[in-house]
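For reference, the structure is listed below as structure tokens.
Protein chains: 2
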Amino acid sequence: MELDRILRIDMTSKTITEETVPARYRLLGGRALTATMLLEETDARVHPLSPEAKLFIAPGVLGGTAVTTSGRTSFGFKSPLTGGTKEANVGGQLGHRLARLGIKALVVSGSSGTDWQRLDITNDGVSLSPATSLVGRSNYDLHRELVGEALMTRAAATIGPAGERRMAAASVAVTDPEGRPTRHAARGGPGAVMGAKGLKAIVVDDTGAPKIIAGERKDEFRKEVTKFSKMILEDPRTANLSKTGTAGVVKFVNRENIQSMPTRNHRAGTWAHADSIGGQHIEALGKERGGKMLPCMAGCIIKCAILFNDEHGNHVTTALEFESIALLGSNCEIGPADAVGELDRMCDDIGLDTIEIGNAVGVAMEAGVVAWGDWERTKALLEEVRAGTPLGRIVGNGTAHVARTFGIDRVPVVKGQGLPAWEPRTLKGMGITYSTSPQGADHTAGMVTARGATTDTLIKQSRHEQLVMMAIDSVGVCQFSNALPGDMAQFVSHRFDIAWGDDDVLRMARNGIDAELEFNRRAGFDRDDDRLPAWMATEPLPLPDGPSTFDISGEEIDRVWAE
Amino acid sequence: MELDRILRIDMTSKTITEETVPARYRLLGGRALTATMLLEETDARVHPLSPEAKLFIAPGVLGGTAVTTSGRTSFGFKSPLTGGTKEANVGGQLGHRLARLGIKALVVSGSSGTDWQRLDITNDGVSLSPATSLVGRSNYDLHRELVGEALMTRAAATIGPAGERRMAAASVAVTDPEGRPTRHAARGGPGAVMGAKGLKAIVVDDTGAPKIIAGERKDEFRKEVTKFSKMILEDPRTANLSKTGTAGVVKFVNRENIQSMPTRNHRAGTWAHADSIGGQHIEALGKERGGKMLPCMAGCIIKCAILFNDEHGNHVTTALEFESIALLGSNCEIGPADAVGELDRMCDDIGLDTIEIGNAVGVAMEAGVVAWGDWERTKALLEEVRAGTPLGRIVGNGTAHVARTFGIDRVPVVKGQGLPAWEPRTLKGMGITYSTSPQGADHTAGMVTARGATTDTLIKQSRHEQLVMMAIDSVGVCQFSNALPGDMAQFVSHRFDIAWGDDDVLRMARNGIDAELEFNRRAGFDRDDDRLPAWMATEPLPLPDGPSTFDISGEEIDRVWAE
Numbered sequence: 163m164e165l166d167r168i169l170r171i172d173m174t175s176k177t178i179t180e181e182t183v184p185a186r187y188r189l190l191g192g193r194a195l196t197a198t199m200l201l202e203e204t205d206a207r208v209h210p211l212s213p214e215a216k217l218f219i220a221p222g223v224l225g226g227t228a229v230t231t232s233g234r235t236s237f238g239f240k241s242p243l244t245g246g247t248k249e250a251n252v253g254g255q256l257g258h259r260l261a262r263l264g265i266k267a268l269v270v271s272g273s274s275g276t277d278w279q280r281l282d283i284t285n286d287g288v289s290l291s292p293a294t295s296l297v298g299r300s301n302y303d304l305h306r307e308l309v310g311e312a313l314m315t316r317a318a319a320t321i322g323p324a325g326e327r328r329m330a331a332a333s334v335a336v337t338d339p340e341g342r343p344t345r346h347a348a349r350g351g352p353g354a355v356m357g358a359k360g361l362k363a364i365v366v367d368d369t370g371a372p373k374i375i376a377g378e379r380k381d382e383f384r385k386e387v388t389k390f391s392k393m394i395l396e397d398p399r400t401a402n403l404s405k406t407g408t409a410g411v412v413k414f415v416n417r418e419n420i421q422s423m424p425t426r427n428h429r430a431g432t433w434a435h436a437d438s439i440g441g442q443h444i445e446a447l448g449k450e451r452g453g454k455m456l457p458c459m460a461g462c463i464i465k466c467a468i469l470f471n472d473e474h475g476n477h478v479t480t481a482l483e484f485e486s487i488a489l490l491g492s493n494c495e496i497g498p499a500d501a502v503g504e505l506d507r508m509c510d511d512i513g514l515d516t517i518e519i520g521n522a523v524g525v526a527m528e529a530g531v532v533a534w535g536d537w538e539r540t541k542a543l544l545e546e547v548r549a550g551t552p553l554g555r556i557v558g559n560g561t562a563h564v565a566r567t568f569g570i571d572r573v574p575v576v577k578g579q580g581l582p583a584w585e586p587r588t589l590k591g592m593g594i595t596y597s598t599s600p601q602g603a604d605h606t607a608g609m610v611t612a613r614g615a616t617t618d619t620l621i622k623q624s625r626h627e628q629l630v631m632m633a634i635d636s637v638g639v640c641q642f643s644n645a646l647p648g649d650m651a652q653f654v655s656h657r658f659d660i661a662w663g664d665d666d667v668l669r670m671a672r673n674g675i676d677a678e679l680e681f682n683r684r685a686g687f688d689r690d691d692d693r694l695p696a697w698m699a700t701e702p703l704p705l706p707d708g709p710s711t712f713d714i715s716g717e718e719i720d721r722v723w724a725e
Numbered sequence: 163m164e165l166d167r168i169l170r171i172d173m174t175s176k177t178i179t180e181e182t183v184p185a186r187y188r189l190l191g192g193r194a195l196t197a198t199m200l201l202e203e204t205d206a207r208v209h210p211l212s213p214e215a216k217l218f219i220a221p222g223v224l225g226g227t228a229v230t231t232s233g234r235t236s237f238g239f240k241s242p243l244t245g246g247t248k249e250a251n252v253g254g255q256l257g258h259r260l261a262r263l264g265i266k267a268l269v270v271s272g273s274s275g276t277d278w279q280r281l282d283i284t285n286d287g288v289s290l291s292p293a294t295s296l297v298g299r300s301n302y303d304l305h306r307e308l309v310g311e312a313l314m315t316r317a318a319a320t321i322g323p324a325g326e327r328r329m330a331a332a333s334v335a336v337t338d339p340e341g342r343p344t345r346h347a348a349r350g351g352p353g354a355v356m357g358a359k360g361l362k363a364i365v366v367d368d369t370g371a372p373k374i375i376a377g378e379r380k381d382e383f384r385k386e387v388t389k390f391s392k393m394i395l396e397d398p399r400t401a402n403l404s405k406t407g408t409a410g411v412v413k414f415v416n417r418e419n420i421q422s423m424p425t426r427n428h429r430a431g432t433w434a435h436a437d438s439i440g441g442q443h444i445e446a447l448g449k450e451r452g453g454k455m456l457p458c459m460a461g462c463i464i465k466c467a468i469l470f471n472d473e474h475g476n477h478v479t480t481a482l483e484f485e486s487i488a489l490l491g492s493n494c495e496i497g498p499a500d501a502v503g504e505l506d507r508m509c510d511d512i513g514l515d516t517i518e519i520g521n522a523v524g525v526a527m528e529a530g531v532v533a534w535g536d537w538e539r540t541k542a543l544l545e546e547v548r549a550g551t552p553l554g555r556i557v558g559n560g561t562a563h564v565a566r567t568f569g570i571d572r573v574p575v576v577k578g579q580g581l582p583a584w585e586p587r588t589l590k591g592m593g594i595t596y597s598t599s600p601q602g603a604d605h606t607a608g609m610v611t612a613r614g615a616t617t618d619t620l621i622k623q624s625r626h627e628q629l630v631m632m633a634i635d636s637v638g639v640c641q642f643s644n645a646l647p648g649d650m651a652q653f654v655s656h657r658f659d660i661a662w663g664d665d666d667v668l669r670m671a672r673n674g675i676d677a678e679l680e681f682n683r684r685a686g687f688d689r690d691d692d693r694l695p696a697w698m699a700t701e702p703l704p705l706p707d708g709p710s711t712f713d714i715s716g717e718e719i720d721r722v723w724a725e
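Encoded structure:
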């Protein structure tokens with residue numbers, strides 16, 4: 163079975179139409195597909211919250227298959243945060259279910275305004291209906307109602323109060339395997355766009371749909387699936403992720419020769435209390451409190467999601483991940499893990515990007531709105547976001563918006579998007595990726611953590627990793643699978659009965675990146691937008707071998723996509 | 163005596179240096195000078211509120227002379243509102259005083275942070291000193307203290323609470339001939355830039371300076387001065403301005419065949435209660451209450467400033483101008499004149515651009531923050547701006563910021579700057595000027611109110627008027643003098659003992675515009691930024707001869723500066 167359905171949901175007329183997939187989209191999925199459709203179907207100058215804007219939702223090319231981690235879903239749109247192209251992808255149970263129903267993409271256009279709707283998709287049909295009873299509710303509550311006990315067949319994608327209010331840091335929450343809203347398409351404001359459409363929830367139930375997709379070469383495909391899983395399980399990186407999740411890295415990046423633990427609004431790269439929010443501490447707490455490692459989607463063998471309970475053994479969050487810990491934690495000088503865990507849960511519940519909010523709160527602390535490390539006041543701030551007070555709306559609209567509101571000129575963003583934890587002044591390859599990714603500052607756009615390499619090497623690595631990540635986000639697998647172009651080529655070849663090699667995968671990826679770059683060009687971006695904040699070149703971090711700034715020139719950075 | 167001093171004030175080191183004026187600046191002043199210096203001396207990508215940004219303050223080429231209305235002062239900077247080049251010019255007593263002290267330009271760089279300073283300029287010297295006792299105070303209070311009774315020799319330029327908080331709609335208040343802060347360099351946030359420098363006030367006292375400037379050809383110059391004044395007094399437009407100020411136009415533009423009275427956030431172009439805020443009503447009230455027409459600077463023979471008193475004869479404002487009336491009034495459905503007068507005074511006192519704030523409040527009303535026409539709540543909102551509450555900061559940062567905060571996609575701005583009253587859907591030439599002025603939506607950038615002309619004619623008129631306005635803003639006279647290129651050529655020729663003609667004036671103007679366009683290009687603007695909000699092409703106004711939208715294409719608009 164192919165993913166041969168494109169569902170178009172027009173929220174203005176409340177009509178749904180179905181199209182077959184054009185041949186040119188056959189080998190595209192996830193990010194490459196949403197980036198292409200966004201470019202082809204929308205005006206790059208449209209207001210991202212206007213009815214003329216569109217939201218594209220697509221599983222990856224391998225969605226619905228038995229390939230481990232292949233159930234990711236891409237949300238593509240013009241970002242209200244960056245003003246440019248945006249793709250935020252998410253694990254959870256949505257992708258596989260959409261794929262099993264043969265859905266290549268959902269395209270949401272128009273707006274129903276405040277006549278809030280829900281979209282139900284089953285094997286029997288697709289329908290919009292009033293979401294009156296859902297409006298104003300937060301994600302934990304929503305997923306309990308919309309998914310409930312139907313863990314094996316249902317998944318929801320919802321917006322919380324932040325998305326309803328069209329805040330630029332608003333995420334879309336996707337159901338995890340335990341029925342909780344801990345998976346988020348978070349970056350760049352997909353929740354705001356969904357909210358502007360008037361769409362509160364998408365509920366997919368794949369009861370009765372074929373559970374296995376395979377083509378002529380299903381035996382070769384299956385063999386490849388087994389080989390790929392074996393490779394992942396033998397990878398030492400997997401073992402660490404399966405043990406302490408991404409949080410395990412805190413101890414490492416907090417060292418004085420790395421300094422990649424953002425602290426006090428990125429003024430320092432190490433935090434004295436980092437261990438209190440690190441993976442080893444969380445693991446130890448988990449042993450006392452019934453914590454465990456879980457997959458974020460059925461079929462994932464890595465299981466990097468940390469189920470974190472409070473001291474009474476009650477569930478707090480299942481998404482205590484490194485970026486959330488670093489931005490909501492050390493960057494705001496907030497700890498220990500219990501404190502950060504609660505903030506993380508609140509973000510999931512309200513429907514907020516933890517990276518953006520951690521940066522936004524850091525700038526608010528810089529402005530004196532909240533004292534450094536004041537956890538209670540930070541919680542109160544998030545409650546203001548939920549309630550939609552003026553201050554809550556300021557914070558919910560993200561880092562640059564907070565800075566503008568309070569007249570702060572030291573703003574940790576690229577293309578308007580808040581910086582992830584990985585520090586460009588010590589891991590300079592990350593600075594190249596942050597600068598040149600069409601997504602704005604995004605660590606998942608292409609990790610380059612090599613140190614001591616030449617600028618030339620870093621530039622080539624960043625370009626290569628960005629292409630690989632575009633491919634990974636397009637086939638729809640998790641970056642932690644460490645899938646190589648060759649792995650993806652094998653899967654795609656067997657699935658579609660073609661003969662792809664590494665080059666075909668990278669060519670598809672380059673086309674996807676080019677679509678994103680072209681959209682940004684049309685939206686008004688130029689090379690000067692491919693730059694880190696200026697202060698990263700003038701405020702050094704004190705490394706043992708001397709002060710270190712981000713010192714790669716604009717001319718060098720421009721080589722990434724010019725070559 | 164020539165204006166041969168450039169004073170550089172570095173706020174970081176608190177040092178002042180003096181330079182002689184380079185030959186290439188000799189014939190430049192006001193806007194042409196600040197635009198050129200901004201381009202030459204600053205990086206267009208710098209954060210407008212950072213220490214690396216600069217604020218340029220310059221009287222016009224005719225500053226200090228007896229030419230009527232020639233005392234205007236230009237404030238040039240990178241705008242925190244638009245992100246592009248900006249020049250906001252202002253009447254009042256500052257320009258002549260600076261010129262009489264031989265000052266071609268002040269260049270303020272760096273920042274003293276929260277160590278607030280005042281700058282005193284006299285014939286004996288220039289000094290910075292702590293402004294501790296001035297901090298937190300509003301403009302009426304400040305000018306009373308800084309100028310007091312010294313009306314004949316002193317003028318101040320100050321920021322109110324809005325500027326201290328670096329709000330993007332913050333103005334710089336300049337003393338009027340009665341010692342009040344009713345003259346504002348308002349558009350684009352000069353107050354925010356001055357605030358970011360740590361500069362609370364500039365006080366100029368020209369005691370002991372030569373009162374008359376004249377060169378070899380002083381007799382010819384004097385003759386020209388007399389001729390120019392006579393021409394102005396004979397112009398019927400002057401008579402209207404001298405009688406009812408700019409407010410007199412309300413009756414005219416509110417007519418159903420013009421519909422240029424913005425109403426309910428630019429949803430309509432006529433307002434049923436327009437007469438209650440119009441010039442004729444204000445004139446009648448003035449007769450009862452001791453109102454009168456005043457010059458905004460010494461030596462102005464037009465006297466378009468309406469001194470407006472309350473029912474007890476107490477002064478309310480001396481700046482009840484058409485744009486303020488339209489944006490704070492009909493656009494928010496607020497009236498009558500007493501209500502608008504009080505809002506206008508509050509804006510002057512807090513240090514806010516009335517056009518930007520009227521638009522910002524309109525969008526806040528659209529978002530449901532305040533009910534349409536709720537004057538009491540609007541006053542409370544302005545008090546929040548003064549106090550710097552979160553909601554106050556949202557509004558004080560301008561129209562687009564309010565829209566972003568509340569998720570509104572119908573935003574009345576061009577290049578981030580709120581629309582003036584003149585309506586592009588009926589006066590299409592204004593739409594061309596708003597679109598293509600490097601300043602963003604700005605009616606003073608080039609008035610084209612012709613109706614029924616071809617698009618080709620409107621484009622040529624807009625270009626011509628924009629050049630003329632650049633010249634007017636550079637020689638430093640008021641637009642209401644209706645000075646023609648020939649008039650300006652005469653004055654400049656006699657003053658500098660050269661032989662300028664119309665073409666020289668227009669060439670100088672084109673160079674100035676080109677400097678602004680180049681700065682904007684470097685700052686990241688492209689042709690797609692030269693556009694009105696999209697809804698102006700789709701939401702018609704109901705003219706008697708049929709619905710009217712702004713229907714001039716982007717290709718046509720791009721001709722303005724391409725030709």
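If you read the protein sequences in the order shown, they are chains Z and F.
Going by our numbering, the first sequence opens with residue 163, and the numbers climb by one from there.
Going by our numbering, the second sequence opens with residue 163, and the numbers climb by one from there.
Glycine included, each C-beta is placed from N, C-alpha and C at the ideal position.
The region 339-348 of chain F makes no contact with the region 259-268 of chain F: fewer than 3 CB pairs, one atom from each, lie closer than 8 Å. In terms of Cβ geometry, F:Gly357 and F:Glu326 form a close pair [threshold 7 Å]. In summary, Z:Val297 is exposed, with fewer than 16 beta-carbon neighbours lying within 10 Å of its beta-carbon over all protein chains present. Interface with chain F (7 Å Cβ-Cβ cutoff): Z:Gly578 is excluded. In terms of Cβ geometry, F:Gly350 and F:Thr196 do not form a close pair [threshold 7 Å]. For F:Arg451, the three-state secondary structure derived from DSSP is helix. Judged by beta-carbon spacing, F:Ser636 lies within the 7 Å limit of F:Gly192, meaning their Cβ atoms are closer than that value. In the three-state scheme derived from DSSP, where H, G and I count as helix and E and B as strand, F:Gln279 is classed as strand. If you draw a straight line from the Cα of F:Ser241 to the Cα of F:Lys577, it comes to about 10 Å. The beta-bridge partner set that DSSP reports for Z:Asn251 consists of Z:Ser236. In this structure the region 599-611 of chain Z touches the region 624-641 of chain Z; the number of beta carbon pairs closer than 8 Å is three or more.
Restricting attention to F:Val183, F:Thr369, F:Ala228 and F:Lys248, the CA atom closest to the CA of F:Thr204 is found in F:Lys248. By the rule that beta-carbons nearer than 7 Å mark a contact, Z:Ser212 touches chain F. Counting along the chain, no beta strand (DSSP E) covers F:Phe568; the unbroken alpha helix (DSSP H) around it starts and ends at Thr561 to Phe568. Looking at the backbone, the Cα of F:Glu680 and that of F:Ala529 are separated by about 36 Å.
Of the candidates F:Gly503, F:Ala699, F:Glu311 and F:Val387, the residue whose Cα lies closest to the Cα of F:Gly341 is F:Glu311. In this structure, Z:Leu469 keeps its C-beta atom at 7 Å or more from the C-beta atom of Z:Ser333. With a cut-off of 8 Å on Cβ pairs, the region 212-226 of chain F is not in contact with the region 688-704 of chain F, counting fewer than three such pairs. Within chain Z, the residues Pro552 have their CB atoms less than 7 Å from the CB of F:Leu553, given in chain order.
For the 7 Å CB-CB criterion, Z:Gly593 and Z:Pro600 do not form a contact. In the DSSP assignment, Z:Ser404 falls within the alpha helix (DSSP H) that extends over Pro398 to Thr406.
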